[in-house]
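Here the sequence shown is numbered in our numbering, starting from 8 and rising by one per residue. Each residue gets a CB set at the ideal place from its N, CA and C atoms; glycine is no exception. Worksheet for the structure shown next.
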Amino acid sequence: MCQDESCKTSAACFDVLSRDSGLTHESHRKDVEQVYLRCSEGSIEWMYPTGALIVNLRPNISPASYKHLTVCIKPFKDSAGANIYLEKTGELKLLVRDGERSPSRVYCFGYDQGGLFVEATPQQDISRKITGFQYELMSKGIAADLHTASAPCRPCSDTEVLLAVCTSDFVIRGSIQNVTNEAEEQESIIHVGVNKLYRQKSKVFQLTGESGNWRGQIKTLLECGVKPGDGDFLFTGRMHFGEARLGCAPRFKDFQRMYKEAKDKGLNPCEIGPD
Numbered sequence: 008m009c010q011d012e013s014c015k016t017s018a019a020c021f022d023v024l025s026r027d028s029g030l031t032h033e034s035h036r037k038d039v040e041q042v043y044l045r046c047s048e049g050s051i052e053w054m055y056p057t058g059a060l061i062v063n064l065r066p067n068i069s070p071a072s073y074k075h076l077t078v079c080i081k082p083f084k085d086s087a088g089a090n091i092y093l094e095k096t097g098e099l100k101l102l103v104r105d106g107e108r109s110p111s112r113v114y115c116f117g118y119d120q121g122g123l124f125v126e127a128t129p130q131q132d133i134s135r136k137i138t139g140f141q142y143e144l145m146s147k148g149i150a151a152d153l154h155t156a157s158a159p160c161r162p163c164s165d166t167e168v169l170l171a172v173c174t175s176d177f178v179i180r181g182s183i184q185n186v187t188n189e190a191e192e193q194e195s196i197i198h199v200g201v202n203k204l205y206r207q208k209s210k211v212f213q214l215t216g217e218s219g220n221w222r223g224q225i226k227t228l229l230e231c232g233v234k235p236g237d238g239d240f241l242f243t244g245r246m247h248f249g250e251a252r253l254g255c256a257p258r259f260k261d262f263q264r265m266y267k268e269a270k271d272k273g274l275n276p277c278e279i280g281p282d
C-alpha cells in the first residue's frame, strides 16, 4: 500500500508518522497495512486515506509493563476520511466516527484492551481528506488522575501536595493573572504569572519579551470555577498532548506550612526550596 516514512524518533522519543497519499493507490482500496510505533507519544497523519491501517504501539519498555499502561488519542481538529476503532482478536469497537467534531475530546483505553484499527470511509473526493491524531501512553494511575472529572477540582491533601511536588511535570510558584473560559470545550485557561520556576518538562512557561517576566497557561475543567485572585499559589500538574493540565494548586503559604512540618518530621518525599 503506502510507502512508509517509518518512525522518525527524536531524543525525547516522539513518533511522527506521515502516510503517503491514497490517491496513488486507487486499485488497492481494500489494502490493510500494519504500522509499528516505538515511542510513548507522537502523532499520525494519513493523507487521502484508502484501505486501512493497523497501528501497533510497541514502546521501548519491558512487555511485562504493558498491562500497567493506558493509551489516549486526541484526533486533530479537522481529521476526516476514516473511522478509528479499538481492535482485539478481530473484534472492532468504534472509538471515533468519521466527521465527529469534539475539538478537545480525548479517548483512552487500557493497553491490554487492543490496538488501533483505522479504516477509510467511502468518499466521493478523497483528495480533501486527511485523518490524523495524537497519541500518548502513560501509567494507569496518571491517566486516571487526568481523566477523572473531579480530580482537578478537589483540594489536595498535604500528602498529595508534597508528592505532586516530586512527581509533577511542572512545579511553579505564581499568581493568577486572568482566566479565560471556553464553554464549547468545557475548559478554563489559567493565565499564570510565574514568580519562581522549580521545574518544567516542556517549555510551557517562558520569558515574555515586553516585561521580562515568566508567564504561561494551565488548563483545567470549567466546572472547577477558577477565578482570578490575589496571592501566590504553588501550581503543579502534568503535560498532556502538549498542554499543561492543573494538578494540586495550594496557596503558597499553605504549601510552606506543610513542607516545613514534613521536613521537621523527616517525612517530605523530596527536597525543594519553598522560598
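Put residue i into one of helix, strand or coil per three-state DSSP.
i, result
"glutamate 268", "helix"
"leucine 229", "helix"
"serine 72", "helix"
"phenylalanine 212", "coil"
"glutamine 263", "helix"
"glycine 273", "coil"
"serine 34", "Model confidence at serine 34 stands at a pLDDT of 45, short of 50, so the residue's coordinates are unreliable; what they give is reported in the following sentence. Here serine 34 sits in helix by DSSP."
"arginine 45", "coil"
"tyrosine 205", "strand"
"glycine 200", "strand"
"glutamine 184", "strand"
"isoleucine 279", "coil"
"alanine 251", "strand"
"glutamate 191", "coil"
"glycine 236", "coil"
Could you give the distance in angstroms between the alpha-carbon of residue i and the alpha-carbon of residue j?
i, j, result
"tyrosine 92", "histidine 247", "22 Å"
"serine 69", "valine 103", "29 Å"
"valine 233", "glutamate 189", "12 Å"
"arginine 108", "arginine 245", "25 Å"
"threonine 243", "glutamate 230", "19 Å"
"valine 199", "glycine 223", "5 Å"
"serine 111", "lysine 81", "8 Å"
"tyrosine 266", "leucine 169", "7 Å"
"asparagine 164", "alanine 171", "Going by the sequence as given, residue 164 is serine instead of asparagine. Serine 164 and alanine 171: Cα-Cα distance of roughly 10 Å."
"glycine 117", "glutamate 268", "39 Å"
"glutamine 184", "leucine 228", "18 Å"
"glycine 236", "glycine 49", "37 Å"
"isoleucine 137", "glycine 97", "25 Å"
"glutamate 94", "glutamate 192", "28 Å"
"tyrosine 142", "threonine 187", "26 Å"
"leucine 44", "glycine 122", "12 Å"
In the DSSP assignment, find the unbroken beta strand (DSSP E) run with residue i in it and report its ends.
i, result
"alanine 59", "59-64"
"phenylalanine 240", "240-247"
"glycine 219", "Unbroken run through glycine 219: none, as it is neither H nor E."
In terms of alpha-carbon separation, which member of the options lies closest to residue i?
i, options, result
"glycine 39", "Arg65, Ser72, Thr138 and Val125", "Looking at the sequence itself, residue 39 is valine, so the reference to glycine does not match. Taking only the C-alpha atoms, the option nearest valine 39 is Val125."
"isoleucine 61", "Arg112, Ala127 and Lys74", "Ala127"
"lysine 260", "Gly238, Lys272 and Ala89", "Gly238"
"threonine 174", "Ile197, Ile196, Ser146 and Ser47", "Ser146"
"leucine 204", "Thr77, Ser182 and Glu194", "Ser182"
"isoleucine 196", "Val178, Lys226 and Gln184", "Lys226"
"glutamate 7", "Glu94, Phe212, Val186 and Ser47", "Since the displayed the chain opens at 8 and closes at 282, residue 7 lies outside it and no answer follows."
"leucine 64", "Cys79, Thr57, Met54 and Pro56", "Cys79"
"glycine 254", "Trp221, Arg161 and Lys210", "Arg161"
**Prompt:** Taking only runs of the alpha helix (DSSP H) that begin and end inside the stretch 155-181, which ones reach a length of at least 4 residues, in chain order?
**Reply:** 165-174
**Every unbroken beta strand (DSSP E) inside the stretch 77-160 [3 residues or more]** = 89-95, 98-103, 114-117, 122-127 and 137-146
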